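Each remark here refers to the structure printed beneath this line.
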Amino acid sequence: MAEKKTAEQNTSPGTGDRRPTVAVVGPGAIGTTIAAALHERGAHPVLCGRTARDHVELRDGDDAVVVPGPVRADPGGAPGTVDLVFLAVKTTQTQAAAGWLEALCAPRTVVCVLQNGVEQEQGLAGLLPHGHVVPAVVWFPAQTLPDGAVRLRGRARLTLPEVPAADVVLRALAGSRCAVDTSADFVTEAWRKLLQNAVAGLMVLAGRRAGMFQRADIGRLTSDYLRECLAVARAEGAALDDTDAAAVLETFRAFPRDLGTSILADREAGRPLEWDVRNGVVQRLGRRHGIPTPVSDVLVPLLAAASEGPG
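Residues in the sequence shown are numbered from 1 upward in steps of one, following full-length UniProt numbering.
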């Protein structure tokens, strides 16, 4: 096999010997936010997606950041390998992104996985020919608008595990609109976010936005589900307790009533749902640990059916 070429490397003071070369695979809501943060710092991320475009745009309050493309749609046109890949496709699209990983990754490459769930590393098993996986917890809401631009609806922040490979992500986003922190207890942070992701599944089945959590009956159902998720999270080593679960419900109640979530948007558009990594994982791991999951046993089959049919 011919040796892969390496994209041109830019130098930048204050970030070590040079600025990392970066690609964003999946310039949707999360990927566009990251691309805009990189662009504002003077980086020029390689944009890779399913649809060719000449730019992507982020809107944050009164700010609009246009990131020039092109958005490449063919891995065969990749400019070479890079130091850092932000993988921002949904887990239902990971297999389809394998060509980009092959084209962009060298042995030194760090792949920062901006996906839901607590199984990011397992999700790339067999798909990553080279490189080092760094999972991330994404702590910000962003949504794609009808005109294709992305609206950021909160402060952008990522949490990474305290591992050496995370350093390139910290350097790439240092001083940008996307804050990055690391945690020595990444398992806890990943499960803290998964509690939120899991609860969002209720919105799919109701077909409603965040305002639904103001209902007392939905509050009780959510609390029951959160206790179930919490039991599984603690069995997996997460240092979470009842106050953390209660905080998730209060977070949903504090959201703007019209705020949706990515899994609800997928349902409304008739796209496959990330039900397994967000909800099925609680049921699967609950069974492994011998923990009853009565809410999951109802919720998961309904989400699976909503995603995959038949009917």
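Beta carbons are placed, not taken as given, at the ideal position from N, Cα and C, and that holds for glycine.
This one's a predicted model, so the numbers in the text were calculated from it and none came from an experiment.
List, from N- to C-terminal side, the alpha helix (DSSP H) runs of 4 residues or more that fit wholly inside the region 38 to 114.
Uninterrupted alpha helix (DSSP H) stretches at least 4 residues long and entirely within the region 38 to 114 occur at 98 to 104, given in chain order.
Are residue 73 and residue 52 touching if we call contact CB-CB under 7 Å?
Contact flag set, yes.
Can you tell me the Cβ-Cβ gap for residue 65 and residue 47, rounded? I've got them flagged as a contact below 8 Å.
Rounded, the Cβ-Cβ distance is 13 Å, inconsistent with contact.
Coil, strand or helix - residue 289 by DSSP:
Three-state result, residue 289: helix.
Can you name the residues that DSSP bridges to residue 143?
DSSP lists 151 as the beta-bridge partner residues of residue 143.
Where residue 157 sits in the DSSP three-state scheme
Note: residue 157 maps to strand in three-state DSSP.
Please report the distance separating the alpha-carbon of residue 237 from that of residue 230.
Looking at the two C-alpha atoms, the distance is approximately 11 Å.
My assumption, with CB atoms under 8 Å, is that residue 158 sits in contact with residue 133. Please give the rounded CB distance.
15 Å between Cβ atoms; not a contact.
Apart from the five residues just before and just after residue 94, which ones in its own chain have a Cβ nearer than 8 Å to its Cβ?
The beta carbon of residue 94 sits closer than 8 Å to the beta carbons of 87, 115, 123, 124 and 127 from its chain, once the five residues preceding and following it are set aside; these are given in chain order.
For residue 12, which of helix, strand or coil comes out of DSSP?
Since pLDDT at residue 12 reaches only 34, below the 50 mark, its modelled position is unreliable, and no value is offered.
In the DSSP output, which residue or residues are listed as bridge partners for residue 183?
Looking at the DSSP assignment, residue 183 forms a beta bridge with 161.
What does a CB cutoff of less than 7 Å around residue 92 pick up in its chain, not counting 5 residues either side in sequence?
Excluding residues within five positions, the ones whose Cβ falls inside 7 Å are 272 and 274.
So, for residue 28: in the same chain, excluding its five sequence neighbours on each side, which residues have a beta-carbon less than 7 Å away from its beta-carbon?
Excluding its 5 nearest sequence neighbours in each direction, residue 28 has C-beta neighbours in its own chain below 7 Å: 88 and 144, listed in chain order.
Looking at the structure shown, is residue 135 part of a helix, part of a strand, or coil, going by DSSP?
Three-state DSSP puts residue 135 in a strand.
Using three-state DSSP, classify residue 271 as helix, strand or coil.
Looking at residue 271 - three-state DSSP - the assignment turns out to be coil, as it is neither helix nor strand.
Any contact between the region 164 to 171 and the region 205 to 221? By contact I mean 3 or more CB pairs, one from each, below 8 Å.
Between the region 164 to 171 and the region 205 to 221 there are fewer than three C-beta pairs closer than 8 Å, too few to call the two in contact.
Rounding to the nearest angstrom, what Cα-Cα distance links residue 195 and residue 309 in this structure?
About 26 Å.
By alpha-carbon positions, which one of 182, 201, 59 and 108 ends up nearest to residue 280?
Measuring from the Cα of residue 280, the nearest candidate turns out to be 201.
Residue 22: first and last residue of the uninterrupted beta strand (DSSP E) it sits in:
Counting along the chain, the beta strand (DSSP E) containing residue 22 begins and ends at 22 to 25.
Between the C-alpha atoms of residue 282 and residue 25, what's the straight-line distance to the nearest angstrom?
Just so you know, the alpha carbons of residue 282 and residue 25 end up roughly 28 Å apart.
By Cβ distance, which residues of its chain are closer than 6 Å to residue 162, with the 5 residues on each side in sequence left out?
The answer, listed in chain order, is 182 and 184.
Since residue 205 and residue 302 should fall inside the 8 Å C-beta cutoff, what is the C-beta to C-beta distance between them, to a whole number of angstroms?
Right, their Cβ atoms sit about 6 Å apart.
For residue 257, name the three-state secondary structure that DSSP assigns.
Correct three-state label for residue 257: coil.
Rounded separation between residue 106 and residue 58 - CA only:
Going by C-alpha positions, residue 106 is about 29 Å away from residue 58.
Name, in chain order, the residues that DSSP records as bridge partners for residue 178.
In DSSP, residue 178 forms a bridge with 156.
Rounded to the nearest angstrom, what separates residue 222 and residue 249 at their Cα positions?
Those two C-alpha atoms are separated by around 7 Å.
Between the C-alpha atoms of residue 305 and residue 264, what's the straight-line distance to the nearest angstrom?
Rounded to whole angstroms, the separation of the alpha carbons of residue 264 and residue 305 is 14 Å.
For residue 128, three-class secondary structure by DSSP
The DSSP-derived three-state label of residue 128 is coil.
Same chain only: Cβ atoms within 8 Å of residue 245, ignoring 5 sequence neighbours per side:
Excluding positions up to five away in sequence, the list reads 195, 223, 226, 227, 229 and 230.
Taking the continuous alpha helix (DSSP H) assigned at residue 216, which residues delimit it?
Boundaries of the alpha helix (DSSP H) harbouring residue 216: 216 to 235, taken from the DSSP string.
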